[in-house]
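Student: The listed protein sequences derive, respectively, from chains E and H.
The letter at position 381 of the first sequence is residue 381 when you use our numbering, and the numbering goes up by one with no holes.
If you want our numbering, it's the position in the second sequence, counting the first as 1, plus 1000.
Dumping the structure here so I can ask a few things about it.
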Amino acid sequence: MKKEVGVFFIFLSIVALLAGMLFGSLSAFQFVFPGFFDLLPFFKNRPLHVSLVVSWIFLSAIGGIYYYLPKYCNLPLFSRKMAVIHIWLFIVTGLLILTCYLFGKFGGREYWEFPAILAIPIFISWVLFAFNYFKTVFKKIGQWPVYLWMWATGICFFLFTFTESYLWVFPYFRDNLIRDLTVQWKAYGALTGSWNMLVYGTAIFVMERIKGDETVAKSKLAFWMYFLGLTNLLFGWAHHIYIVPTVPWIRYLAYAISMTELLILSKIIWNWKSSLEQAKKDYYFLPFRFLVASDVWIFLNLILAILISIPAVNVYTHGTHITVAHAMGSAIGINTMILLSSVLFIINDVTKFNFPKIQKNIIRAGFWITNISLLTFLTFLTIAGAEKGILVIENKLSFRAIMQEISPYLISFAWSGLGIFIGLIMTTLPPLIAMFQYLKKK
Amino acid sequence: MSTKLKRFVFWGLFFLFIIYGFFIYTLGTENDGGKRFLTEEAKRGKLLFQEYNCTSCHQLYGLGGYMGPDLTNVISDPGKGESYVKSFIKNGTPQMPNFHLSETDVNALTEYLNYVDKTGISPVRNFEIRYDGTIMQKAIQ
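Next up, the structure:
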């Protein structure tokens, strides 16, 4: 396994994704049909869903890094043993966390609902990863391509923000709700930024390999976008907490920084057509297709993100399902599409392009089912959110009346979620089986 | 862009981030309108709020799960208030689980929500939209 630690990470990531989607689908139906599957109530299901799908994002991104560095970047891992310890530490902690959730042992906060003590092994596993990564990449002579920068940034800022998200254990932070919420969302904003760095780095890496052109990842533009992204990661988080009564300049800074994303948006539109044309008949058909899909979602999601960063819009959308649409749009539409592209790239690699035709067709169908379901999923969330925002603020309706009004949309949302789940099963089962056979052989 | 310049930009941004963080930790979040109401019991209530994962369904300042209502101002909401809150926590509803909490835990959670209530307003319903897209909260809801 030592040699194939990257593939093992990816294998686990897919298992986490499928399990996470199962819990997610369950909780969506519990949301709209109270009393549905009471064996595992919503307040346990939701953290199971969130933690597992977040694990999918991290594990597949990490797996890709462990796989790509030695194989494609001519950078053998500093220590394979350390990578193996990393994965075992993750598995053991992960199982402990899942057990806590099943038994209703919480104590943490949103995203990290498990008892705080379990953050320590997670932290240690990331320190090992960081150490291994930097020891590996510092051997590289000459200019770093942008993805090495992005991965480095993602790893460092994960460690920083993960630690920051635990500052609440100190009364100085915990005993002042305004400070507590602000620091919590400062940390979470940058935390999602840090996993975006890992994922976008992966996207650029895969693009570079498919194109076979190394200049892309070293271009001025690539670095310009990287620094813009970094600035947003560092200073753009406060749109999460516009309504928390902090001092006003925190809000103004976040507002201004968030608007710089317009630059990224215009650049994407600029590059739009050319990236679509390359999507045609290509050797790397499947990975390319998922990358193109992520491009579409980046475009849609950025428009939404920019809109809800405007305080006058945010006051309506905050605390509604539009926030969920934004989060799911980026987690599924952008991150998952990119990571699936990376998974399929690796699968092409380990099976030496001998991926059976039937399975390719299943993946292709899964691709469409996932994306079409995602579109309806986000549409219903957005409608439900917009309606809730207006009903809360303009009509001042009660919670129960509002839920009644928006429940048809939420029911459609739950069914669309099931569609995404089915699409993802079709997309990931063939690679999962192929990886299993490959790992068994080794 | 030379590697030197990249490093410079990176560390420059990082340095600003640290300074910014320092202000967030201190001056930016100093004002806590509810400070007087943060009793020892309320502090314990906060930890209970985490232990029972109330956030999976409820929001404070619009942050959290959406299955239940935002609890920020449930205490001062006309028609709701302390005893209303206590009866929800004690008994649950068809949609909200009954956690079979002790009397003291129910009180601690209520004390915490009382503190939260005094820190500010959520959702913001009374505001004025300004020309630059920002909003101005009005005092009376």
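Even glycine gets a Cβ: it sits at the ideal position worked out from N, Cα and C.
Given the structure is predicted, the values throughout are model-derived calculations rather than measurements.
#1: Applying a beta-carbon distance threshold of less than 9 Å, which residues of chain H neighbour E:N335?
#2: Does the beta-carbon of H:S1002 have 16 or more other beta-carbons within 10 angstroms, so that it is buried, or is it exposed?
#3: Counting only Cβ pairs nearer than 9 Å, list the residues of chain H close to E:Q437.
#4: Can you name, in chain order, every residue of its own chain whose Cβ lies under 6 Å from the Cβ of H:I1135, other than the five neighbours on each side?
#5: Around the Cβ of E:P171, are there at least 16 other Cβ atoms within 10 angstroms (buried) or fewer (exposed)?
#6: State yes or no: is the beta carbon of H:H1100 nearer than 7 Å to at least one beta carbon in chain E?
#7: Comparing the C-beta of E:K280 with each C-beta of chain H, is any distance below 7 Å?
#8: In this structure, how does DSSP classify H:Q1141 when only helix, strand and coil are distinguished?
#9: Is the CB of E:I318 under 7 Å away from at least one CB in chain H?
#10: Can you list the alpha helix (DSSP H) stretches of 4 or more residues lying completely in the stretch 353-431 of chain E, in chain order?
#11: Does any C-beta atom of chain E lie closer than 7 Å to the C-beta of H:V1009?
#12: Can you grab the Cα-Cα spacing for the pair E:V392 / E:G64, in whole Å?
#13: Can you list, in chain order, the residues of its chain with a C-beta nearer than 6 Å to that of E:G389? Leave out the 5 residues immediately preceding and following it.
#14: Is there contact here, the stretch 22-32 of chain E with the stretch 47-55 of chain E, by at least three beta-carbon pairs under 8 Å?
#15: Compare the C-beta of H:P1078 with all C-beta atoms of chain E and state if any pair is closer than 7 Å.
#16: On the three-state DSSP scale, how would you describe E:L39?
#17: Considering only DSSP beta bridges, list what H:F1127 is partnered with.
#18: According to DSSP, is E:L439 part of a helix, a strand, or is it coil?
#19: Ends of the alpha helix (DSSP H) at E:V244?
#20: Can you find the residues in the same chain that come closer than 6 Å, C-beta to C-beta, to E:K280, ignoring five residues on each side of it along the sequence?
#21: Return the CA-CA distance between H:E1111 and E:W224, expressed in angstroms with no decimal places.
#22: Report the residues of the stretch 221-233 of chain E with a CB closer than 7 Å to any CB of chain H, ordered along the chain.
#23: Can you grab the Cα-Cα spacing for the pair E:T136 / E:S79, in whole Å?
#24: Quick check: what's the CA-CA separation for E:I322 versus E:K140?
#25: Starting from the Cα of H:G1021, find the closest Cα among E:S165, E:S373 and E:T202 and give me that residue.
#26: Residues bridged to H:Q1059 by DSSP?
#27: So who's on the other strand from E:W112, going by DSSP bridges?
#28: Less than 7 Å between CB atoms is the rule here; does H:F1049 satisfy it with respect to chain E?
#29: Quick check on E:T351: does DSSP put it in helix, strand or coil?
#30: Here's the rule: buried if 16 or more other CB atoms are within 10 angstroms of the residue's CB, otherwise exposed. What is H:G1012?
#31: At a Cβ cut of 7 Å, what residues of the stretch 1119-1136 of chain H count as close to chain E, listed as they run along the chain?
#32: Answer with buried or exposed for E:P145, where buried requires no fewer than 16 other C-beta atoms within 10 angstroms of its C-beta.
#33: If we define contact as Cβ-Cβ less than 7 Å, is E:V15 a contact residue for chain H?
#34: Which of the three DSSP states is assigned to H:D1105 in this structure?
#35: CA-CA distance, E:K81 and E:E4?
Tutor: Working from what's here:
#1: Neighbours of E:N335 on chain H: none; closest Cβ ~21 Å, over 9 Å.
#2: So H:S1002 counts as exposed.
#3: Residues of chain H passing the Cβ test: none, with the nearest at roughly 39 Å.
#4: The residues are F1127 and I1129.
#5: Counting C-beta atoms within 10 angstroms of its own C-beta, E:P171 has fewer than 16 neighbours from the protein chains shown and is therefore classed as exposed.
#6: Judged by the 7 Å Cβ criterion, H:H1100 is not in contact with chain E.
#7: Residue confidence for E:K280 is low, a pLDDT of 44 falling below 50, so the modelled location carries little weight and cannot support an answer.
#8: Note that H:Q1141 has pLDDT 45, beneath the 50 cutoff, so the model's placement of it is unreliable and the number below is only indicative. DSSP places H:Q1141 in coil when its eight states are reduced to three.
#9: The question names Ile, yet the displayed sequence has His at residue 318 of chain E. The Cβ of E:H318 sits closer than 7 Å to at least one Cβ of chain H.
#10: Look at the stretch 353-431 of chain E and you find these whole runs of alpha helix (DSSP H), each 4 residues long or longer: 357-393.
#11: For H:V1009, the nearest CB of chain E lies under 7 Å from its own CB, placing it at the interface with that chain.
#12: Each residue's alpha carbon lies about 44 Å from the other.
#13: Within the same chain, E:G389 has close Cβ partners Y316, T317 and T320.
#14: In short, these stretches touch, since the Cβ pair count reaches three.
#15: Not an interface residue.
#16: DSSP places E:L39 in the coil class of the three-state scheme, outside both helix and strand.
#17: DSSP output for H:F1127 lists H:Q1137 as bridge partner(s).
#18: In the structure shown, the three-state DSSP call for E:L439 is helix.
#19: Per DSSP, E:V244 belongs to no alpha helix (DSSP H) and is neither H nor E.
#20: Confidence in E:K280 is poor, its pLDDT being 44 and thus under 50, which makes the residue's placement unreliable; the coordinate value appears in the next sentence. Excluding positions up to five away in sequence, the list is empty.
#21: Note on geometry: alpha-carbon atoms of H:E1111 and E:W224 lie some 50 Å from one another.
#22: Those would be F223, F227, L230 and T231, in chain order.
#23: Between E:T136 and E:S79, the alpha-carbon positions lie close to 8 Å from each other.
#24: Taking the CA atoms as reference points, E:I322 sits about 44 Å from E:K140.
#25: Residue nearest to H:G1021 within the set E:S165, E:S373 and E:T202 is E:S165 (criterion: CA-CA distance).
#26: Its beta-bridge partners are H:G1064 and H:D1070.
#27: Note: E:W112 sits in a beta bridge opposite E:R109.
#28: The Cβ of H:F1049 sits no closer than 7 Å to any Cβ of chain E.
#29: Looking at E:T351 - three-state DSSP - the assignment turns out to be coil, as it is neither helix nor strand.
#30: Flag for H:G1012 reads exposed.
#31: For the stretch 1119-1136 of chain H, residues whose beta-carbon sits nearer than 7 Å to a beta-carbon of chain E comprise T1119, G1120, S1122, P1123, V1124, R1125, F1127, I1129, G1133, T1134 and I1135.
#32: Counting other Cβ atoms within 10 Å of its Cβ, E:P145 reaches 16 or more and is therefore classed as buried.
#33: When Cβ-Cβ separations below 7 Å define contact, E:V15 makes no contact with chain H.
#34: Note: H:D1105 maps to helix in three-state DSSP.
#35: Linking E:K81 to E:E4 through their CA atoms gives a straight-line distance of about 11 Å.
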